[in-house]
Amino acid sequence: MRLTRARLRRAFRRETFGVDVGAAFDLVGRVLTVLGLAYLLPAVLAIGYGESWWPFVAAGAMTSAFGVTVQWLSGEQERIRPREGFLVVALIWLLVPFFGALPYVLSGEPQLASPVDAYFESVSGFTATGATILTDIESLPRALLMWRQFTQWLGGMGIVILAIAILPRLRVGGRQLLMTELPGPTEVERLSVSIRETARRLWVLYVALTVMLAALLALYGAVGLDDAVGLYEAVAHSFTAVAIGGFSTEAESAAAFSPLTQWTMAAFIVVAGVNFLRLYRLFVQRQPLAFARDDELRLYLLLLAGGSLVLFLEILGNGRFDGEEAIRHAVFQAVSIMTTAGFASADYVQWGPLAAVTLVGLMFFGASAGSTAGSIKVVRHLLIGRLLRRELDQTIHPEIVAPVRLNRRPVDERVLRAVLAFVLLYVGLFAVGALALVFESFRVATEVTPFEAISAAAATLGNVGPAFGFAGPFGSYEPFSDLSKGVMILLMWLGRVEIIPVVVLFTRAYWRT
Amino acid sequence: MISSARLRRAVRRDTIGVDVGAALNLIGALVRYLSLAFLFPAAIALGYGESPWPFLAAAAITAASGFALERVTRGKEQVGTREGFLVVALTWAFAAGFGCLPYLFSGEAQLGNPANAFFESMSGFTTTGSSVLTDSEALPQGLLMWRQFTQWLGGMGIIVLALAVLPRLRVGGRQLFESEVPGPEVERLATSIRETARRLWVVYIALTGVLAALLYGYAVAGVDERMSLYDAVAHAFTTMPTGGFSPQRESLAAFGAATQWTVIVFMVVAGTNFALLYAVLVRQRARSLLRDEEFRVYLALVAVASFVIVAELITEGILEGEAAVRHGLFQAVSMLTTTGYASVDFNEWTTLAAVGLVGLMFIGGSAGSTAGSIKVVRHLLIGKSLRRELDVAVHPDVISPLRFSGRPVDEKTLRAVIAFVLLYVGLFAAGALVLTIDAAIGDQVVTPFEAIAAAATTLGNVGPGFGFAGPFGSFEPFSDFSKAVMIVLMWLGRLEIVPVLVLFTRRYWRA
């Protein structure tokens, strides 16, 4: 036994590979150990509602036990370099959902009995996607439903760190841009310490936003402004709104609530889509000027306004809604889909082809790079627009050398190259995913039109959630074949970690010393 | 009293940064040459006892316009790079404009609508091959041959565009090819372009002649009894420019297996870099063919694409044996090289094959060929640069230049390539969106997939789409607005977008 452990450690040692696999697993193990505690919340709820609590306790015990074992096997290696970072990021978003699916499987719930379905639901949770395979959400036990909401909130906590502290250090998709904005003494610190520090500060903000939304919604319920909202619904939906996730405990998503609740949720989703570093400046450091002077923020709000306007006109032309209702549904849906949240205030599948194409188009924007949103992100669109503009200028005057600027600062050419590479990979992966879904649904004779398959690929890769056809906002991904679900699990995973951390694992250069 | 002297002064270089006069002068000369082209269909019409007047009238109007344009802008023969963008953008618009005159004058009902006539003409000169004709065989022989001829003429223009003009304008990373073009190095722009054109046209004309002779040979030898001299020439005219128009309503499905195999081979040749073909055929350097990285990737893509389509056809039980191989290969090559012929109604194939074919529309042939779409070399360079990005993500300190055919590639060139591809994808998405929306407004039965296919096929200069715009169908049911959108897509796709876009920047016009 001791021999095995020593051997394992040696095999994982940095000298054999260029990557310290042991250190990577050690960190993954620590994350899983802590994750085990998260199951206490649904367990307590289950006891409170008189539902079966042991699936959560068992799952928590298994998760922590696994985490401790991995840590023990890999020994105490604390030194994580950027090199190992890729592996850690890829593994965490693969393994955490795996353990997160345990309560689904253990609960014996028939809708989640298939391991593929349970894993799909869990990946959709931790990546804050919001695509569901449930056909009858409200028949689930309340504790299990809350666990589903909670996975998105936990995922969101991870995503904040991923987006602001980790991916920028891994230089993924040009994110090194965000490094310059990090609050606090970032420069000369050890990697893990500074990440921990950043995490602590941003989580305060994240938790505060969640509490504010939950309190507001609960208040509406208590005062009688919205009969459909109780404390349970308030907490459940604030978990998934701030995480830009989109899971709901209602079969009809946000359509189950009153206009006021819908407006409030839309407002909080917009805020959650703002760069958290900027929000930190505004709320904690009280620098509203620095907050407003952000190119990305302006384009983000502009895009939201533009998307809402287009949808509004389409809804009006459609004659489905008018007045406040038309405005509300247009704004809610534009916000929900563009920021990749995925709530629905109405069944937009019935809005006709114009709105459908607009909504699928919005799925490719996302919100700010420093938020929990998925998809390409606004700042990348901004940089690419400016880059194309410069290309045209340089075509006319080849001798011109002008840097692309963001917030008046010149952007490094390497960053631009990384942004371009990311967007190309994203579009390519979307095309491949859509193609695979079309092929597979044709093979097994699922009733999916090519457009629906395309929207499903865009909705999962962009971590949006609902798509079109049977996978619409009031529908379910359940009818897809297991292979299709496998493809979409991959898309959610890849989209969330921004593709590159996974793809580099398959290059020889990564593993070489 | 606006004298020509005043006009000349107004368009002089000192008012704006671009010498519009010089650009128009060159276009005038090109338009004048174009008028001669109408004599060919006029002769055919006489031979078949049809009226030659539509062609002669078109020739007269074209010649007069050309002369007038040249006269107004006389004395300004100095076209620089700056003017090049304007010339390129306007040439295809003017050629399509004058080229549609015979359609309008012929009184042919199918082409009576100016939008239809202009669509057909733009589809010809950009060698796209999308057609608004619902019954092509009802057209007079002279007019049908003019339709074929517009593609052949377009192809001549494209060779010069692709190998001599766009590289000098540094469009979409084409500067990569500047050194490859045969011809003396240090010359004046116009002279060197003229010299390049002369050499490559010899190859183009020779290959067209060989194909026409071969096809006519099948007719004489009785290998393909449906082939005639007329059809042999007509199809040779549209194969070499990777065009895709056919006088037959059923395209290449009207002919025998031998003809189809021959056309497959010539489509592959037509999708090859003409500078490379020149080196191989004229300078007898066969080895440079295999040493060319783009050519190797091009062949590999053709092989893989054909294999996938053939495998789909066989596993789905749509076709089998030689027919499956032939039709799979034919359709894969036809879509990949952006020719657009059909050897069978692929509209009836299953969704799998359909999606596969739409995917192929984004590849295109070699950059130095008459093919449209993104082109193989750009896919190759993007693949390499993504590969490098991954390596840099792991080792941020590594700086390694990309290599293409053994030579390092300039970073500017690489950026231009990526920018082009993004513009292409963006334009495709915008086009597909507009077509979908217009179809929804006009209550047309166009599925989103068909709208997407129509945008891909026109922007990529391929030809047929899916649904009613399938290979044996027609683009006629689209609204006039949709047709206008597709005309713009064909035009932009052919010119590789950038030359048109720069015209809309302020910097272009500033001195």
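Protein chains in written order, with this note's numbering: chain A, 32 to 544; chain B, 6 to 516. Cβ coordinates follow ideal geometry from the N, Cα and C atoms, glycine included. Since this is a predicted model, take the numbers as computed values, not measurements.
Range of the contiguous alpha helix (DSSP H) that encloses A/D513
Where A/D513 is concerned, the enclosing alpha helix (DSSP H) stretches over D513 to R527.
Looking at the secondary structure, which residues open and close the alpha helix (DSSP H) in which A/S105 lies?
W85 to S105
Any contact of the segment 146 to 157 of chain A with the segment 470 to 483 of chain A, i.e. 3+ C-beta pairs under 8 Å?
Flag = no, the segment 146 to 157 of chain A and the segment 470 to 483 of chain A do not touch.
Span separating the alpha-carbon of A/A132 from that of A/G493:
21 Å
Closest residue to A/T370 among A/E345, A/I485 and A/S399 (Cα-Cα distance):
A/S399
What does the Cβ neighbour count give for B/S405, buried or exposed, with the cut at 16 atoms within 10 Å?
Under this definition B/S405 is an exposed residue.
Kindly say whether A/G500, judged by its beta-carbon, lies nearer than 8 Å to any beta-carbon of chain B.
no
Taking only three categories from DSSP, how would you classify A/L165?
coil
Limits of the alpha helix (DSSP H) - the one that A/Y80 falls within:
L71 to Y80
Where A/R232 falls: helix, strand or coil (DSSP)
It is helical.
Going residue by residue through the segment 335 to 405 of chain B, where are the continuous alpha helix (DSSP H) segments of at least 4 residues, counting only ones entirely within it?
Contiguous alpha helix (DSSP H) elements confined to the segment 335 to 405 of chain B occur at 356 to 365 and 381 to 399, taking only those with 4 or more residues.
Could you give the DSSP three-state label for A/R45: helix, strand or coil?
Any reading at A/R45 needs caution, since the residue's pLDDT is 46, under 50, leaving its predicted position unreliable; the model's value is listed next. Note: A/R45 maps to coil in three-state DSSP.
Taking the DSSP output, what are the residues bridged to A/L437?
DSSP lists A/R440 as partners of A/L437.
Counting contacts by CB-CB distance shorter than 8 Å, is B/R18 in contact with chain A?
Reliability fails at B/R18, whose pLDDT of 48 lies under 50, so the model's placement of it is uncertain and the value that follows must be treated cautiously. No, B/R18 does not count as interfacial toward chain A.
Answer yes or no: does any C-beta atom of chain A fall closer than 8 Å to that of B/L428?
yes
Kindly indicate if chain E contains any beta-carbon less than 8 Å away from that of B/G364.
Note that chain E does not occur in the displayed structure, where the protein chains are A and B.
Measure the CB-CB distance between B/E55 and B/G147 and report whether it falls below 8 Å.
yes
So, for B/L306: in the same chain, excluding its five sequence neighbours on each side, which residues have a beta-carbon less than 7 Å away from its beta-carbon?
Counting only Cβ-Cβ distances below 7 Å, and skipping sequence neighbours, we find L341, I368 and V381.
Can you give me the Cβ contacts of A/P441 inside the same chain, cut-off strictly under 6 Å, excluding the 5 residues immediately before and after it?
Within the same chain, Cβ atoms closer than 6 Å to the Cβ of A/P441 are found at P434, the five residues on either side in sequence being excluded.
Please list the segments of the alpha helix (DSSP H) lying wholly inside the segment 401 to 467 of chain B, counting only runs of 4 or more residues, in order along the chain.
Within the segment 401 to 467 of chain B, the complete alpha helix (DSSP H) runs of at least 4 residues are 416 to 446 and 453 to 464.
Cβ neighbour criterion (16 or more within 10 Å) applied to B/T243:
buried
Judging by CA-CA distance, which residue of A/F499, A/R420 and A/V518 is the nearest neighbour of A/F467?
Inspection of the sequence shows that residue 467 of chain A is occupied by Ala rather than by Phe. Comparing Cα positions, the closest option is A/V518.
Give me the residue from B/V215, B/F250, B/L216 and B/A143 with the minimum Cα distance to B/S348.
B/F250
Sort A/I427, A/K408 and A/E430 by Cα distance to A/V450 and report the nearest one.
Out of A/I427, A/K408 and A/E430, A/K408 has the C-alpha closest to the C-alpha of A/V450.
Quick one, are the C-beta atoms of B/F471 and B/A458 less than 8 Å apart?
yes
Which chain A residues sit within Cβ distance under 9 Å of B/L61?
What B/L61 touches in chain A: nothing, since even the nearest Cβ is about 41 Å away.
With distances taken Cα to Cα, identify the nearest neighbour of A/I195 among A/I226, A/A174, A/L175 and A/F181.
A/I226
Step through the CB atoms of chain A and report whether any lies within less than 8 Å of the CB of B/Y53.
With 8 Å as the cut-off, B/Y53 does not count as an interface residue toward chain A.
Within-8 Å CB hit, A/F181 to chain B:
no
By the three-class DSSP mapping on this structure, what secondary structure does B/T247 have?
coil
Three-state secondary structure (DSSP) of A/G252
helix
Say whether chain A places a C-beta atom closer than 8 Å to the C-beta of B/Y235.
no
Report the neighbours of A/P429 on chain B: residues whose CB is nearer than 7 Å to its CB, in chain order.
The contacting residues are R175.
For A/M188, report the span of its alpha helix (DSSP H) as first-last.
R173 to I192 is the extent of the alpha helix (DSSP H) around A/M188.
If you compare alpha carbons, which of A/F307, A/R173, A/A96 and A/M296 is closest to A/T280?
A/R173
For a cutoff of 8 Å on Cβ pairs, would you count B/V507 as touching chain A?
It does; some Cβ of chain A falls within 8 Å.
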